[in-house]
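Below: the structure, in structure tokens.
2 protein chains.
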Amino acid sequence: MPSIDLEYPKQPYSKVNRYDSRASYALETIHSIVNTCPIVHVSFTVPDSPFPTILPMIGQMGSFERPSADTGDVLELYLHGYVSSRIINMSRKANGSGGSGESSPGEAAAAAEGLPICVAASHVDGLVLALTPNSHSYNYRSAVLFGHAALVTDVAEKLYAMELITDGVARDRYRHTRVPPNAAEMQSTSVLRVRVAAGSAKVRSGMPSDDRADREDGALLGRVWTGVVPIHYALGEPLPGPYNRVDRVPAYLEEFRAEYNRDAREAALEAAAVPVKAAGAKRDD
Amino acid sequence: MPSIDLEYPKQPYSKVNRYDSRASYALETIHSIVNTCPIVHVSFTVPDSPFPTILPMIGQMGSFERPSADTGDVLELYLHGYVSSRIINMSRKANGSGGSGESSPGEAAAAAEGLPICVAASHVDGLVLALTPNSHSYNYRSAVLFGHAALVTDVAEKLYAMELITDGVARDRYRHTRVPPNAAEMQSTSVLRVRVAAGSAKVRSGMPSDDRADREDGALLGRVWTGVVPIHYALGEPLPGPYNRVDRVPAYLEEFRAEYNRDAREAALEAAAVPVKAAGAKRDD
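Sequence lines, in order, name chains C and Y.
So the mapping is simple: the working numbering equals the position in the first sequence, first residue as 1, plus 205.
So the mapping is simple: the working numbering equals the position in the second sequence, first residue as 1, plus 205.
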């Protein structure tokens, strides 16, 4: 564990402008949000397209060089992809390992860094129901990372990332499957490593906070229910597949499920219980 | 309801390349995914930033001109924002209604359309646990829209969108609050209307599908549990806020909660029950 709380640098593109009382640049906060989201959303620009694009992807943060690193340490984001997908092809090109043509010195410099991407991970923790539509909000924890994605080519690092990502879907799953992946599997799966340049998190918690005039309106208070409806993911009863022959759901899976459900529910309840941070912070962004 | 199933045009930037058997361009499918997600992720490019950016936002699809339109009709996406936020400022500028400087004819033409954005909405329906890490997957329903965002300036349209968005968070909530918004509220809230140029959805459902060699490995089958763990959002018991004076949670809210929880659970169970579409479609993207 680092002796100080590490923070990402505030860059013009990563700084939270609205409700900065809700903002955090702490690695611990940001990495925790990313690693507990079942999916992340990855944005990148595509040549010749009028629009940026977004892909939902599976990702986890870790450190191949220091596998025992904590959530608050400097980490990289590993993303799971397929060799033929556009983001993988673009990352390969941006990384200079798949280009066939010539490139200018500037392109080569950019290429060494990888494909510029933005990654968002968001938890919704509660529906915040206020007296007026405008004071309605969500309790949420959202993180955004900015960085450069490059294809992982080292076999050992790729195996590290595949285990990290599989266990990110269901804890302890990797070693309970048929591993290591064979040659065909290693070839068909690509892993991107994102070196993070900056990041930020934004968290809204607590109860509704309406304007004073509304809070003092007795007739209104008598008519409109206000409070928080907690919302969280829930993992249901495991459903065996057509060729499953293991009668009992394994203990590691049931423990993961129970813990996941308890943690998800508690996060939503705790978010509702936390007082609103700042007096002015009454609407979400 | 339209007499035919409308589809978005397949553009180079919107076409699904991997596992196109899982792809859909049907307005009905895409709009349903967007309107049932508590949040969407919005991507746009920022001048002078090396990275695109992503914002989690609240949005709903509807039609101000034909409020009774069905989910499968041509709709616009309405996004909720604040006047001072970057995306609102950029949309205002792109829309030509807030620029103070001169612009070239090319810029003016682009400005008339609005800010080019990409919007993603994703549901996770199940953890698909297979014999090998590589065959692991999620059941999911994801939609991506590409379009131009412009600030809504018409008061009636803005009110329509505010009701649409509020009721998107909790059904029937808007008319049970203090409405209409007052002048200060109308001014502090901005609404973006996204004219959709193209869109696509991708859906993975069903049980794990491993390679034949693994499915015929008796020792492996005897050791690794395979199947789907359903995952869905759940709305918990409403928690009254500090100035709530309505003792009983209103019926419309309890009905919404019960229906939401039932639908969310059923969607996850149905996704697991649906057979995998194509023989080759065994891994997610």
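The C-beta atom is built at its ideal place from N, Cα and C for all residues, glycine as well.
Could you give the DSSP three-state label for residue i: helix, strand or coil?
| i | result |
| --- | --- |
| C/ASN222 | coil |
| Y/PHE256 | coil |
| C/VAL247 | strand |
| Y/ARG409 | strand |
| C/ARG378 | coil |
| C/LEU211 | coil |
| Y/TYR457 | helix |
| Y/ASP468 | helix |
| Y/VAL451 | coil |
| Y/PRO385 | coil |
| Y/VAL324 | strand |
| Y/SER395 | strand |
| C/ALA403 | strand |
| C/PRO443 | coil |
| Y/ALA228 | strand |
| C/LEU336 | coil |
| Y/GLY277 | coil |
| C/GLY319 | coil |
| Y/ALA473 | helix |
| Y/ASP330 | strand |
Buried or exposed: where does residue i fall if 16 or more other Cβ atoms within 10 Å of its Cβ makes it buried?
| i | result |
| --- | --- |
| C/VAL399 | buried |
| Y/GLU270 | exposed |
| C/MET263 | Contrary to the premise, residue 263 of chain C reads as Ile rather than Met in this sequence. By the neighbour-count rule (16 or more Cβ atoms within 10 Å), C/ILE263 is buried. |
| Y/PRO257 | buried |
| Y/ILE244 | buried |
| C/ASP415 | buried |
| C/ARG346 | buried |
| Y/GLY427 | exposed |
| C/ALA424 | exposed |
| Y/VAL493 | Because residue 493 of chain Y is not part of the residues shown, which for chain Y are 206 to 490, the question remains open. |
| Y/ASP330 | buried |
| C/ILE209 | exposed |
| Y/THR358 | exposed |
| Y/ARG450 | exposed |
| Y/GLU281 | buried |
In the DSSP assignment, find the unbroken beta strand (DSSP E) run with residue i in it and report its ends.
| i | result |
| --- | --- |
| C/SER342 | 342 to 356 |
| C/VAL433 | 432 to 440 |
| C/GLN265 | 264 to 267 |
| C/GLU233 | Run containing C/GLU233: none in the beta strand (DSSP E); it sits in the alpha helix (DSSP H), 232 to 241. |
| Y/GLU281 | 281 to 287 |
How about residue i: is its C-beta nearer than 8 Å to some C-beta of chain Y?
| i | result |
| --- | --- |
| C/GLU212 | no |
| C/ALA491 | No statement about residue 491 of chain C is possible, as the shown extent of chain C runs from 206 to 490 and does not include it. |
| C/THR358 | no |
| C/TYR448 | yes |
| C/PHE269 | no |
| C/THR258 | yes |
| C/TYR287 | yes |
| C/GLY264 | no |
| C/TYR218 | yes |
| C/HIS246 | yes |
| C/ALA354 | no |
| C/ALA472 | no |
Whole-angstrom Cβ separation of residue i and residue j, contact assumed at under 8 Å?
| i | j | result |
| --- | --- | --- |
| Y/VAL221 | Y/ALA228 | 4 Å |
| C/GLU390 | Y/THR431 | No, C/GLU390 and Y/THR431 are not in contact; Cβ-Cβ is about 16 Å, not under 8 Å. |
| C/ILE436 | C/ALA473 | 6 Å |
| C/LEU350 | C/VAL374 | Actually they are not in contact, since the Cβ atoms of C/LEU350 and C/VAL374 sit about 19 Å apart, beyond 8 Å. |
| C/SER254 | Y/TYR218 | 4 Å |
Using a beta-carbon distance below 8 Å, is residue i in contact with chain C?
| i | result |
| --- | --- |
| Y/SER327 | yes |
| Y/TYR379 | yes |
| Y/PRO243 | yes |
| Y/VAL454 | yes |
| Y/LEU336 | yes |
| Y/TYR438 | yes |
| Y/GLY277 | no |
| Y/GLY441 | yes |
| Y/GLU492 | A query on residue 492 of chain Y cannot be resolved here, the shown segment of chain Y reaching from 206 to 490 and no further. |
| Y/GLY427 | yes |
| Y/THR234 | no |
| Y/ASP468 | no |
| Y/ARG462 | yes |
| Y/ARG227 | no |
| Y/SER290 | yes |
Could you give the residue range of the alpha helix (DSSP H) that holds residue i?
| i | result |
| --- | --- |
| C/GLY427 | 423 to 428 |
| C/ARG420 | 417 to 420 |
| Y/ARG297 | 291 to 299 |
Does chain B have any CB closer than 8 Å to the CB of residue i?
| i | result |
| --- | --- |
| C/ASN339 | In the structure shown, chain B cannot be found, because the protein chains are C and Y. |
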